[in-house]
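**Q** Position 253 of the sequence shown, counted from 1, bears residue number 239 in my numbering, the numbering being contiguous throughout.
Beta carbons are placed, not taken as given, at the ideal position from N, Cα and C, and that holds for glycine.
Please read these numbers as outputs of a predicted model, since none were measured by experiment.
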Amino acid sequence: MSASKLLNHQTGRSVSTPKSIPEFPPPLSQRQLVWRRFCRHRLALISLAFLIPLVIATLFVEFIAPFPADKSNSIYVYAPPQTLNFTMTDETGNFHPGVYVNGYHSVVDTKAMRRIFTIDPSQRIPVGFLVRGEAYQMLGFIKSDIHLFGPLDSTQPLYVFGGDRLGRDVLSRVFYGARISLSIGLVGVAVSLFIGIILGGLSGYYGGWIDSLIQRIIDFTRSLPTIPLWLGLAAALPLSWSPIQVYFVISFILSLVGWTSLARVVRGRFLAIRREDYVLAAQAMGSRPWRIMAFHMLPSMYS
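#1: Are the CB atoms of valine 232 and isoleucine 183 nearer to each other than 7 Å?
#2: May I ask you to report which of helix, strand or coil DSSP gives proline 107?
#3: Need the endpoints of the alpha helix (DSSP H) that aspartate 131 sits in, please.
#4: Tell me whether serine 0 sits in a helix, a strand or coil according to DSSP, three-state version.
#5: Kindly indicate if chain B contains any beta-carbon less than 7 Å away from that of valine 93.
#6: For isoleucine 105 and proline 66, what's the separation of their Cα atoms in angstroms?
#7: Identify whether glutamine 123 lies in helix, strand or coil by the three-state DSSP scheme.
#8: Give me the Cα-Cα distance between aspartate 139 and aspartate 95, rounded to the nearest whole angstrom.
#9: Across the region 174 to 193 and the region 254 to 264, are there enough close Cβ pairs to call them in contact, namely three or more that are closer than 8 Å?
#10: Nearest to glycine 186 by alpha carbon, out of Val235, Thr212, Arg255 and Trp216?
#11: Could you name the residues that DSSP lists as bridge partners for proline 112?
#12: Hey, how far is the Cα of valine 160 from the Cα of threonine 44?
#13: Classify aspartate 155 as buried or exposed, calling it buried when 16 or more other Cβ atoms lie within 10 Å of its own Cβ.
#14: How should histidine 133 be labelled, buried or exposed, when 16 other C-beta atoms within 10 angstroms of its C-beta is the threshold for buried?
#15: From the DSSP output, which residues share a beta bridge with glycine 294?
#16: Does DSSP put valine 63 in a helix, a strand or coil?
#17: Go ahead and pull the three-state DSSP assignment for serine 273.
#18: Could you pull the start and end residues of the alpha helix (DSSP H) that tryptophan 245 belongs to?
#19: Taking 7 Å as the threshold (C-beta atoms), are isoleucine 181 and tryptophan 227 in contact?
#20: Can you give me the start and stop residues for the alpha helix (DSSP H) that aspartate 205 sits inside?
#21: How long is the line joining the alpha carbons of valine 117 and serine 237, rounded to whole angstroms?
#22: Please name the residue in Phe49, Leu284, Asp150 and Leu210 whose C-alpha comes closest to that of tyrosine 62.
#23: Are the region 82 to 89 and the region 9 to 20 touching, with three or more C-beta to C-beta distances below 8 Å?
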């Protein structure tokens, strides 16, 4: 008789055999916790799903846009938008798939000194995909003349969003403008984030005269007026620079001023956690200050 059965027979009570201890999943890291919390925010996921393809598309805007941003044609100044049609009829009246836009019929108004455009249904301009057009250099080293879509005859007009005051394609300029707008935001935020974390972390971790010095720098930086700074930079930059270069330089310089708020937030958080047990344990184990700040203190601010 086994020991468990003998014990049951003597005591009259059943003794359960020990069961295996359930295995718990490994603990999640700080990044995994942040990502899980982010995934629960549906609006944030929708925004991310919309923003990522948009950012990727701006890298290849020369290929996506049907025309260069600076290509102008004085004949189509303020031309109205053309509607894309997805069915075509041949001479016998049969339908077959195809994309086209109707051409323009323009009349010069001598009194108003401008062209008056009307859509001419008798003119059909075929639109195709992966068509040849203006030559470009994508990402600085890829040379090509293939565009995602455009007129089969590159001399024909295609103004889906209309033309501007110089006869440039508004749709193409929207694509190029999206690249500038998104890149400016990313560059400005990245520079402000980098400076704010570095100086705020040093101020909160070391304290003492380093903290006092960095705080005085922050006070001086916050006292600079933004609008006069814009005006002064706009006047000081060379006139030979393009508007894109001026916009990038001014936004970059202003991002050097916008890091102060983040630096004070990081400083306050570092002051609060620099005496925590895990920070003191890392110091006792001989970790360097930059490693403690980067791998122990900074991850606690991800949320």
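**A** According to the structure shown:
#1: no
#2: strand
#3: That residue, aspartate 131, is in no alpha helix (DSSP H); its beta strand (DSSP E) goes 128 to 137.
#4: Because serine 0 carries a pLDDT of 49, less than 50, the predicted location of this residue cannot be relied on, and the following value inherits that uncertainty. Correct three-state label for serine 0: coil.
#5: The structure shown contains no chain B; it holds only a single protein chain.
#6: 8 Å
#7: strand
#8: 29 Å
#9: yes
#10: Arg255
#11: Tyr86
#12: 11 Å
#13: buried
#14: buried
#15: Residue 294 lies beyond the residue range present for the chain, which begins at -13 and ends at 289; the question has no answer from this structure.
#16: coil
#17: coil
#18: Taken as a continuous stretch (DSSP letters only), tryptophan 245 belongs to no alpha helix (DSSP H), as it is neither H nor E.
#19: no
#20: 194 to 208
#21: 36 Å
#22: Asp150
#23: no
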